[in-house]
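Q:
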Amino acid sequence: MSKAFEVVVLGGGNSAGYVAQAWAKAGGGKGKLAIVGDEPVVSYERPALSKAYLFPDNPARLPGFHTCVGGGGDRQQPEWYAEQGIDFITGTRVTGVDVASKTLTTAAGDTISYGKLVVATGARPTTLADFKTPGHDLQGVHVLRNVQDADSLLEAIKACKAAGGKAVCVGGGYIGMECAAGLALNGLDVTVVFPEDRLMSRLFTPEIAAFYESFYAEKGIKLLKGDIVTALEGQDGKVTTAVLKSGTKLDCSLVLVGTGARPNTDLFQGQLDLVEGPPGGIVVNGQLQTSNPDVYAIGDVAAFPLQLTGGNLVRQEHVTCCRQTAAHVVGELLSPGGPAFDYLPFFYSRVFSLSWQFYGQSEGEVVRHGDPASGKFGAYWVKDGAVVGAFLEGGSAEENAAIKKVVVARPAAPADLAAQGLSFALGL
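The sequence shown begins at 35 in the working numbering and counts up one residue at a time.
1. Expressed to the nearest angstrom, what Euclidean distance is found between the alpha-carbon atoms of I332 and V348?
2. Look at the Cβ atom of V177, then the Cβ atom of D183, and state whether they are nearer than 9 Å.
3. Among G51, E433 and K200, whose alpha-carbon lies nearest the alpha-carbon of V152?
4. Let me check understanding here. Comparing Cα to Cα, which of G210, L237 and A82 lies closest to R95?
5. Is L462 buried or exposed, if buried means 16 or more other CB atoms sit within 10 Å of its CB?
6. Under a three-way DSSP split, which group does H362 fall into?
7. For the beta strand (DSSP E) containing V227, list its first residue and its last residue.
8. What are the boundary residues of the alpha helix (DSSP H) that G216 is part of?
9. Would you kindly work out how many angstroms separate the C-alpha atoms of F89 and E241, rounded to a whole number?
10. Going by other Cβ atoms of all chains shown within 10 Å of its Cβ, with 16 needed for buried, is P312 buried or exposed?
11. Alpha carbon to alpha carbon, what distance is there between Q303 and G149?
12. For the alpha helix (DSSP H) holding Q51, just list the boundary residues, first then last.
13. Shortest alpha-carbon distance to G260 belongs to which of V364, D418, V204 and A407?
14. Using the three-state DSSP reduction, which class does Q323 fall into: helix, strand or coil?
15. Three-state secondary structure (DSSP) at K136?
16. Relative to the C-alpha of G119, which candidate in K166, K66 and G104 has its C-alpha closest?
17. Return the chain-ordered list of same chain residues with a C-beta closer than 6 Å to the C-beta of Q305, the five sequence neighbours on each side being excluded.
18. In three-state DSSP terms, what is R296?
19. Leaving out five residues before and five after E247 in sequence, what residues of the same chain have Cβ atoms less than 8 Å from its Cβ?
20. Can you tell me where the beta strand (DSSP E) holding F39 begins and where it ends?
21. K417: which of Q341, A154, P97 and V441 sits nearest, CA to CA?
22. Within 10 Å of its beta-carbon, does T225 have 16 or more other beta-carbons around it, so buried, or fewer, so exposed?
23. Just to confirm, is the Cβ distance from A435 to A424 under 9 Å?
24. Look up L460 in the DSSP assignment and say whether it is helix, strand or coil.
25. Does the distance from the C-beta atom of G104 to that of E73 stay below 9 Å?
26. Taking contact to mean at least 3 C-beta pairs separated by less than 8 Å, is the segment 400-415 in contact with the segment 352-359?
27. In terms of residue numbering, what span does the alpha helix (DSSP H) encompassing P339 cover?
28. If I measure Cβ to Cβ from A197 and keep anything under 6 Å in the same chain, skipping five residues before and after, which residues do I get?
29. What number of angstroms, rounded off, separates the C-alpha of V140 from the C-alpha of V263?
30. Please report the residue range of the beta strand (DSSP E) in which Y382 lies.
31. Which partner residues of A158 appear in the DSSP bridge assignment?
32. Could you pull out every unbroken beta strand (DSSP E) segment of at least 3 residues lying fully inside the segment 269-315, listed in chain order?
33. Go ahead and pull the three-state DSSP assignment for A413.
34. Provide the residue span of the beta strand (DSSP E) that contains S389, from first to last.
35. Taking the beta carbon of P168 as the centre, do at least 16 other beta carbons fall within 10 Å, making it buried, or is it exposed?
36. For G429 and L266, what's the separation of their Cα atoms in angstroms?
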């Protein structure tokens with residue numbers, strides 16, 4: 035069986051849902067756009083999986099967080115796509131792409147032809163199998179990327195409670211921090227193991243990290259820094275022990291691996307320009323166009339020129355980037371030749387009662403402000419005399435908007451920036 039569409043989005047994740055939203059708003063037309071995804075459901079807000087999906091009380095569940103509710107839009111369930119004349123083809127794995135003939139081939143042997151292709155294949159979790167860790171295939175070892183993973187994790191939490199309640203999170207980044215919180219909220223005894231000297235080491239300064247590490251300790255979560263899991267041991271096919279490089283052995287019946295992700299570029303090897311080595315991804319220009327003029331890339335898989343840094347290629351694994359690249363590519367498809375994509379790096383997290391946001395670049399001198407003991411504190415990053423980054427824990431909507439405004443403006447940093455603190459942003 036073969037189908038043909040003017041525009042095909044390859045990948046059914048966050049980005050795809052926002053492409054559909056932008057297409058419908060712009061009047062792109064019915065019967066022209068198709069989305070092909072391998073999951074059995076239409077697009078949803080993926081960040082919910084490591085946050086509210088794991089809550090023991092009032093958890094998030096589909097259809098409650100289908101795109102585009104996270105961005106303040108409609109909840110786009112299957113009937114929404116049908117009403118808009120957008121074909122959302124779920125449960126379909128694409129095994130081959132020929133950009134020369136503009137054709138996708140599915141695992142079932144069907145073909146889908148396109149005029150323009152938008153690659154939204156996202157990224158896949160790095161697993162312990164990638165590190166060739168013995169025992170990586172034992173029952174009880176999990177990653178978290180999609181709803182199926184999350185449902186498996188929920189079942190594993192129940193099994194873990196019945197087997198003693200001890201869990202290990204591998205990795206001290208986003209997924210490690212957020213999932214450790216989720217597991218602890220479910221009553222598990224959680225240990226987080228990571229090789230760096232502090233949590234979120236790529237963003238957090240030692241002082242910022244110390245606040246969260248202390249908070250986690252108060253919640254009973256143990257942090258083992260500067261160590262790695264070198265093997266997993268089990269019994270009857272189920273994980274029972276994590277063996278660390280230091281020689282420490284941790285009893286556990288659940289292991290959650292959060293060690294980063296890799297962009298899904300395999301289908302385009304030899305066909306499109308790719309970034310070899312970090313950050314990886316498909317190279318695109320300011321219009322999000324790849325080395326093939328009829329192929330675009332958005333979201334986690336796209337390596338785009340960041341105007342903020344003079345055009346250095348970056349890849350941003352964040353829902354905000356997914357949403358913004360989706361909107362931009364639709365504008366380019368319907369009205370080519372518009373302004374180049376401009377993006378302000380943004381990260382946020384919510385764990386327990388905490389909530390922080392960061393904008394810009396974490397480069398240069400760090401100027402801290404506020405008292406962590408109060409629950410509201412932050413930092414500015416100053417480079418070449420200008421404020422280029424800002425972090426805030428416990429901020430209100432107005433305050434978070436203010437630190438964003440500062441980074442966009444990149445004002446000169448006053449000598450008393452630390453003393454002014456948040457007032458500097460609010461008064462800009």
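For every residue, glycine included, the Cβ atom is placed at its ideal position computed from N, Cα and C.
A: Reading it off the structure:
1. Position 298 of the sequence shown holds residue 332. Position 314 of the sequence shown holds residue 348. Using only the alpha carbons, I get a separation of about 12 Å.
2. By 1-based counting over the sequence shown, the position of residue 177 is 143. By 1-based counting over the sequence shown, the position of residue 183 is 149. Closer than 9 Å, so yes.
3. Working through the sequence shown from its first residue, we reach residue 152 at position 118. Of the listed residues, the one whose Cα sits closest to V152 is G51.
4. Position 61 of the sequence shown holds residue 95. If we check each option's Cα against that of R95, A82 comes out closest.
5. Here residue 462 refers to the residue found at position 428 of the sequence shown. Looking at its Cβ environment, which holds fewer than 16 other Cβ atoms inside 10 Å, L462 is exposed.
6. Residue 362 sits at position 328 when you count from the first residue of the sequence shown. Correct three-state label for H362: helix.
7. In the sequence shown, residue 227 corresponds to position 193, counting from 1. Here the beta strand (DSSP E) through V227 covers D223 to F228.
8. Translated into the one-based positions of the sequence shown, residue 216 becomes position 182. That run of the alpha helix (DSSP H) goes Y208 to L219.
9. In the sequence shown, residue 89 corresponds to position 55, counting from 1. In the sequence shown, residue 241 corresponds to position 207, counting from 1. Looking at the two C-alpha atoms, the distance is approximately 29 Å.
10. Within the sequence shown, numbered from 1, the residue matching residue 312 stands at position 278. P312 is exposed by the Cβ-count criterion.
11. For the purposes of this step, residue 149 is taken as residue 115 along the sequence shown, with counting starting at 1. For the purposes of this step, residue 303 is taken as residue 269 along the sequence shown, with counting starting at 1. Their Cα atoms are separated by approximately 20 Å.
12. The sequence position of residue 51 within the sequence shown is 17, counting from 1. Sequence check: residue 51 is Gly here, not Gln. First-last of the alpha helix (DSSP H) with G51: N48 to K59.
13. The sequence position of residue 260 within the sequence shown is 226, counting from 1. G260 has its Cα closest to that of V204, out of V364, D418, V204 and A407.
14. Walking along the sequence shown from the start, residue 323 turns up at place 289. Strand.
15. Along the sequence shown, read from residue 1 onward, the residue named residue 136 stands at position 102. Of the three classes helix, strand and coil, the one that applies to K136 here is coil, per DSSP.
16. Taking the first residue of the sequence shown as 1, we reach residue 119 at position 85. Nearest of K166, K66 and G104 to G119, Cα basis: K66.
17. Residue 305 sits at position 271 when you count from the first residue of the sequence shown. Correct list, in chain order: V133.
18. Walking along the sequence shown from the start, residue 296 turns up at place 262. Strand.
19. Within the sequence shown, numbered from 1, the residue matching residue 247 stands at position 213. So the qualifying residues of the chain are R232, L233 and L257.
20. In the sequence shown, counting from the first residue as 1, residue 39 sits at position 5. From DSSP, the beta strand (DSSP E) with F39 extends over S36 to L44.
21. Position 383 of the sequence shown holds residue 417. Per the Cα distances, V441.
22. Here residue 225 is taken as the residue at index 191 of the sequence shown, counted from 1. Burial call: buried.
23. Within the sequence shown, residue 435 is the residue found at index 401, counting from 1. Within the sequence shown, residue 424 is the residue found at index 390, counting from 1. In this structure, A424 does not lie closer than 9 Å to A435 by Cβ.
24. The residue labelled residue 460 in the question sits at position 426 within the sequence shown. L460: helix per DSSP, three-state reduction.
25. Residue numbering aside, residue 104 sits at position 70 when the sequence shown is read from its first letter. Residue numbering aside, residue 73 sits at position 39 when the sequence shown is read from its first letter. No, these two residues do not count as a Cβ contact at 9 Å.
26. no
27. Looking up residue 339 in the sequence shown gives position 305. No alpha helix (DSSP H) contains P339, which is instead part of the beta strand (DSSP E) from A336 to L340.
28. Start at 1 with the first residue of the sequence shown, and residue 197 comes out as number 163. Within the same chain, A197 has close Cβ partners S287.
29. Numbered from its first residue, the sequence shown carries residue 140 at position 106. Numbered from its first residue, the sequence shown carries residue 263 at position 229. Reading off the sequence, residue 140 comes out as Thr, not Val. Computed Cα separation, rounded: 37 Å.
30. The sequence position of residue 382 within the sequence shown is 348, counting from 1. First-last of the beta strand (DSSP E) with Y382: F380 to V385.
31. As a position in the sequence shown, residue 158 is number 124, starting the count at 1. The displayed chain sequence assigns Arg, not Ala, to residue 158. The partner list for R158 (beta bridge, DSSP) reads R296.
32. 272-278, 283-285, 288-291 and 295-297
33. Translated into the one-based positions of the sequence shown, residue 413 becomes position 379. Looking at A413 - three-state DSSP - the assignment turns out to be strand.
34. Indexing the sequence shown from 1 puts residue 389 at position 355. From DSSP, the beta strand (DSSP E) with S389 extends over L388 to G394.
35. Position 134 of the sequence shown, counted from the first residue, corresponds to residue 168. That one is exposed.
36. For the purposes of this step, residue 429 is taken as the residue at position 395 of the sequence shown. For the purposes of this step, residue 266 is taken as the residue at position 232 of the sequence shown. The alpha-carbon atoms of G429 and L266 are separated by roughly 40 Å.
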